[in-house]
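Numbering (the numbering used here), first residue to last: 107 to 397.
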């Protein structure tokens, strides 16, 4: 279990480095197109600033976009005490607890670090899960907090958005910018157009890879916390067999959820940020057999 966690962390940071390569490549192409290194520096500056804004604002946006409401212990003692007990077990600050009024069984964690963390569950999850399964799901979400997945995903989300923004700027420069007296190298013109089209798609694929690895890591951490992988496996089976898409379908925040909230006929579900449920269950049962 510990080796899997360590391996996932190494692979995730390696994948995130690809984002910097994409940003650098975009800046390099435009710098050569206009014979000015300024665009290379701008790519990193714009990308960094945009990612930083997302880092501080994305948690509030995610909660608002999904209609999450903060609760106190008296509002839902079962959920609140579950999170409270897990916080004590993990030696972590108590996160804020939110609930989404939605019959789809799901949950997510967000925030930039354990001191500013939020965990959230849907009313559907609370109704479907028994106490053991609810503890397992929330242990998974607390695993995201413990492993700083919430910070990683906020940064990744910001970089994906930044790459899309820079790609749009490049397309704008291609069509409306430039000096007619200059003759840009046609090779870099072609590279610029291709990069502007493909970069956002590649960034999305990288985001998917990071998110999937983080889900496996959180499954491992949650199973270690409860010392009962079967509880999480049962919760995943219930969601697989009786789950439903969320009422509010937000592709921008789908990667945060315990299970894919876009499941169904949505085109976005073809590019899921979640690993296959069957594979998650298999890994959890494998951990249980080796315990």
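For glycine and all other residues, C-beta sits at the position ideal for the given N, C-alpha and C.
Asked, Found
"7 Å Cβ shell around residue 359 - same chain, five flanking residues per side excluded", "168, 171, 172"
"Residue 262, buried or exposed, once every other Cβ within 10 Å from all chains shown has been counted against 16", "buried"
"Pairwise C-alpha distance: residue 146 and residue 177", "46 Å"
"Exposure of residue 135, with buried meaning 16 or more beta-carbon neighbours within 10 Å", "buried"
"CB of residue 80 within 7 Å of CB of residue 189, strictly", "Lying outside 107 to 397, the shown extent of the chain, residue 80 is not represented and no answer is given."
"Which residues DSSP lists as bridging residue 358, in chain order", "Paired residues: none, contrary to the question."
"Residue range of the alpha helix (DSSP H) that includes residue 242", "237-252"
"Beta strand (DSSP E) segment containing residue 204, residue limits", "202-206"
"Residues that DSSP places opposite residue 214 in a beta bridge", "226, 363"
"Cβ-Cβ distance between residue 216 and residue 362 below 7 Å", "yes"
"Candidates 354, 325, 228: closest to residue 205 by CA position", "228"
"First through last residue of the alpha helix (DSSP H) which encompasses residue 337", "335-348"
"DSSP state of residue 166 mapped onto helix, strand, coil", "helix"
"Three CB pairs or more closer than 8 Å across the region 182-202 and the region 241-258", "yes"
"Check whether residue 166 and residue 234 have beta carbons under 7 Å apart", "no"
"Same chain, Cβ closer than 8 Å to residue 186, neighbours up to 5 away in sequence not counted", "177, 178, 179, 203"
"With 16 other Cβ atoms within 10 Å as the buried cut-off, status of residue 241", "buried"
"Residue burial classification, residue 371 (beta-carbon count within 10 angstroms, cutoff 16)", "For residue 371, the pLDDT reaches just 47, beneath the cut-off of 50, and the residue's location in the model is therefore unreliable, although a value from the coordinates is still provided. Counting Cβ neighbours within 10 Å, residue 371 comes out exposed, since fewer than 16 surround it."
"Same chain, Cβ closer than 6 Å to residue 207, five either side skipped, listed in chain order", "229"
"Alpha carbon of residue 133 to alpha carbon of residue 162, nearest angstrom", "25 Å"
"Rounded separation between residue 337 and residue 380 - CA only", "19 Å"
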